[in-house]
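Okay, so here's the structure we're looking at.
There are 2 protein chains.
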Amino acid sequence: MAIEEPRYRQILNVLSHRVETGQYPLEERLPTESDLCGEFGASRFTVREALRRLVDDGMVQRRKGAGSIVVATKPATRYVHSLSSLADLSQFALNTHYDLVKRERVRIDADRAGAIRAKPGSTWWRVRGLRRGRPGGSVLCYVHSYIPLRLSRFVGQLDADIVPFHAYLSRRADEAIVEVEQELYGEPMNKDVAAHLRQKTGTISLCALRRYTGRKGTIIASYNWHVAQDFHYRMKLSRNS
Amino acid sequence: MAIEEPRYRQILNVLSHRVETGQYPLEERLPTESDLCGEFGASRFTVREALRRLVDDGMVQRRKGAGSIVVATKPATRYVHSLSSLADLSQFALNTHYDLVKRERVRIDADRAGAIRAKPGSTWWRVRGLRRGRPGGSVLCYVHSYIPLRLSRFVGQLDADIVPFHAYLSRRADEAIVEVEQELYGEPMNKDVAAHLRQKTGTISLCALRRYTGRKGTIIASYNWHVAQDFHYRMKLSRNS
DNA sequence: CCTCTAACTTTGTACGGACATATTGCCTCA
DNA sequence: TGAGGCAATATGTCCGTACAAAGTTAGAGG
Chain F
1 MAIEEPRYRQ ILNVLSHRVE TGQYPLEERL PTESDLCGEF GASRFTVREA LRRLVDDGMV
61 QRRKGAGSIV VATKPATRYV HSLSSLADLS QFALNTHYDL VKRERVRIDA DRAGAIRAKP
121 GSTWWRVRGL RRGRPGGSVL CYVHSYIPLR LSRFVGQLDA DIVPFHAYLS RRADEAIVEV
181 EQELYGEPMN KDVAAHLRQK TGTISLCALR RYTGRKGTII ASYNWHVAQD FHYRMKLSRN
241 S
Chain V
1 MAIEEPRYRQ ILNVLSHRVE TGQYPLEERL PTESDLCGEF GASRFTVREA LRRLVDDGMV
61 QRRKGAGSIV VATKPATRYV HSLSSLADLS QFALNTHYDL VKRERVRIDA DRAGAIRAKP
121 GSTWWRVRGL RRGRPGGSVL CYVHSYIPLR LSRFVGQLDA DIVPFHAYLS RRADEAIVEV
181 EQELYGEPMN KDVAAHLRQK TGTISLCALR RYTGRKGTII ASYNWHVAQD FHYRMKLSRN
241 S
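First to last, the protein sequences are chains F and V. Residues in the first sequence are numbered from 1 upward in steps of one, following the working numbering. Residues in the second sequence are numbered from 1 upward in steps of one, following the working numbering.
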């Protein structure tokens with residue numbers, strides 16, 4: 001004999017089934033707590049525990065005084081990027097050393113414009129730099145960081161000690177990072193990249209393009225070129241709860 | 001006069017401050033609910049509400065009978081992989097055509113063992129296949145899929161029509177996918193890979209290793225080799241609520 | 001010294017009641 | 001008719017109590 005499920009979970013099962021089958025239609029209200037107490041013969045505590053899980057599963061929203069409404073017919077199976085901090089995206093950033101090569105203002109051509117969400121022809125800051133395992137060590141990665149002019153007053157501060165840049169800019173500009181996009185792709189090195197990575201022009205590189213977005217738009221976008229056979233990126237997604 | 005914060009929130013503020021400052025050190029136990037009730041002069045209900053939020057914020061884990069332990073000193077700003085389905089990890093899988101090359105049982109050597117979480121020397125199924133843009137089209141990717149013997153009864157079913165494999169296996173075995181890990185790295189092609197991708201041995205490939213884990217362990221692990229300059233992978237993380 | 005058991009501790013589930021606060025809608029009055 | 005206010009409703013917060021289940025610890029017994 002299987003041990004019985006908790007009461008609130010039994011109720012949760014019934015309720016989520018009703019939501020999934022449309023018995024409680026999308027955008028409409030659920031019965032009140034008091035109704036559900038009556039139907040299931042359970043206390044308000046137990047019904048609320050079930051409803052709380054429905055909210056956790058992203059199927060229901062509740063508002064004080066207004067009731068509960070169905071906002072999704074399926075539990076949001078959210079897979080969470082288990083690295084809790086965004087710094088983990090640029091995985092080794094914290095344990096490595098950064099050499100700033102140049103700070104410059106550049107006009108964005110059509111190619112770059114799409115990738116960093118800039119208007120073609122607009123001017124951005126570009127910071128070029130090298131990432132090494134340790135000061136003076138071998139180069140792991142060559143970086144172009146693009147920063148919009150509205151953050152100009154912080155660009156002068158960017159330096160080897162201020163890594164990762166996105167965290168610094170977000171904090172100083174008081175503009176939380178809302179979204180991060182990352183693209184990984186292989187491409188032949190141009191002369192600039194090849195020279196800094198000490199490879200022949202045309203050698204295949206692995207480029208990670210990352211764009212950090214705040215509520216006012218792009219905060220920073222960076223191209224990170226790696227020698228392909230040295231590149232290793234790991235990510236883990238876990239189903240939450 | 002500002003309206004007063006709820007009692008549980010005041011307690012939450014104190015507790016999270018203590019966690020952040022290390023007054024409750026990482027990996028160590030928090031005071032028991034009953035202690036906290038005493039300290040704050042609140043009921044167990046209220047203290048539990050505060051603790052529940054700490055758990056939601058990812059700072060604390062609780063186990064029945066064992067107490068609460070600190071697992072992070074900062075609230076986890078959780079970034080959600082916005083692609084809700086796991087199929088999106090192998091991005092083009094659904095719009096492409098799969099050709100099965102061979103089903104075979106292989107002994108796992110030390111190298112592979114670590115990567116797919118297998119015991120060295122154990123036997124697994126290996127399914128080799130090719131992914132193309134359309135039937136008979138050019139090869140996008142060469143795939144080795146490793147499947148544990150406990151799922152042997154489903155391996156015979158795997159075929160071009162059954163993609164993605166992980167979804168099929170998870171459903172048939174009634175074993176939900178709990179975690180997905182993905183590694184991307186560059187490596188020179190061996191003879192087998194090079195032949196199937198029509199490249200010279202030693203050419204740099206880009207390999208995506210994906211491991212899907214259920215509650216009983218690995219469900220499937222697959223190596224996906226791409227010609228480096230044809231590889232493009234995009235991901236997006238958004239901050240949730 | 002090791003092992004199994006029993007007692008104790010701690011969190012989980014569940015009931016009851018009470019009042020607070022946000023929302024909605026009706027009803028009255030200008 | 002429109003605005004304001006009041007009443008009804010629904011969820012939020014908070015208290016007390018009780019028992020269940022899991023984990024820990026100390027002690028008895030070999």
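Just so it is clear, CB atoms sit at the ideal spot from N, CA and C, and this is done for glycine as well.
Our two residues, F:G129 and V:V143, have alpha carbons roughly 36 Å apart in a direct line. When F:L197, F:L54, F:T123 are compared, the shortest CA-CA separation from F:T73 is found for F:L54.
If you look at F:S138, you'll find it isn't in any alpha helix (DSSP H); DSSP assigns it neither H nor E. By the beta-carbon neighbour count (other beta carbons within 10 angstroms, threshold 16), F:E181 is buried. Collapsing the DSSP output to three states places F:A221 in a strand.
V:N224 has its alpha-carbon roughly 22 Å from the corresponding atom of V:S152. Close partners of V:P188 in chain F (Cβ separation under 7 Å): Q229. Going by C-alpha positions, F:V70 is about 7 Å away from F:L30.
Between V:I220 and chain F, the shortest Cβ-Cβ separation is not below 7 Å. Across the structure, F:E175 and V:Y8 are spaced so that their CA atoms are roughly 29 Å apart. For F:A66, the secondary structure class from DSSP, reduced to helix, strand or coil, is coil. Membership of V:K102 in the beta strand (DSSP E) is indicated by the continuous run 97-107. Under DSSP, F:Q199 takes part in no beta bridge, so it has no partner. Pairing V:L12 with F:G67, the inter-Cα distance amounts to about 26 Å. Between the alpha carbons of V:R134 and V:H97 lies a distance of about 5 Å. Here F:T213 carries a strand assignment [DSSP, helix/strand/coil].
With respect to chain V, the C-beta atom of F:E175 has no partner C-beta closer than 7 Å. In the DSSP assignment, the residues bridged to F:K236 are V:E181.
Think of a sphere of 8 Å around the beta carbon of F:Y8: no beta carbon from chain V falls inside it, the nearest being about 14 Å out. The beta carbon of F:T46 sits closer than 6 Å to those of R7, Y8, all from its chain and outside the five residues before and after it, given in chain order. With contacts defined as CB atoms closer than 7 Å, F:H17 and F:C141 fail to qualify as a contacting pair.
Here the alpha carbons of F:R126 and F:P188 stand approximately 21 Å from one another. When C-alpha distances from F:L209 are compared across F:T203, F:E4, F:A221, F:G217, the shortest belongs to F:A221. With the criterion set as a beta carbon lying under 7 Å from some beta carbon of chain F, the stretch 19-52 of chain V has no members that meet it. At a cut-off of 7 Å between C-beta atoms, F:R117 does not count as an interface residue with respect to chain V. Across the structure, F:F154 and F:S145 are spaced so that their CA atoms are roughly 13 Å apart. If you draw a straight line from the Cα of V:A228 to the Cα of F:Y185, it comes to about 8 Å. Assigned with DSSP and collapsed to three states, F:R117 falls in coil, not helix or strand. Chain V has no Cβ within less than 7 Å of the Cβ of F:I69.
Taking C-alpha positions only, F:R44 is separated from F:Q10 by approximately 15 Å. Under the three-state reduction of DSSP, V:T46 is assigned to helix.
Look at V:R105: its C-beta is not under 7 Å from any C-beta on chain F. Rounded to the nearest angstrom, the gap between the Cα atoms of F:E5 and V:Q61 is 22 Å.
Within the same chain, and ignoring the five residues on either side of V:S122 in sequence, the residues whose Cβ sits closer than 7 Å to its Cβ are I108. In chain order, T218 place their CB closer than 6 Å to the CB of V:R117, counting only its own chain and leaving out the 5 sequence neighbours on each side.
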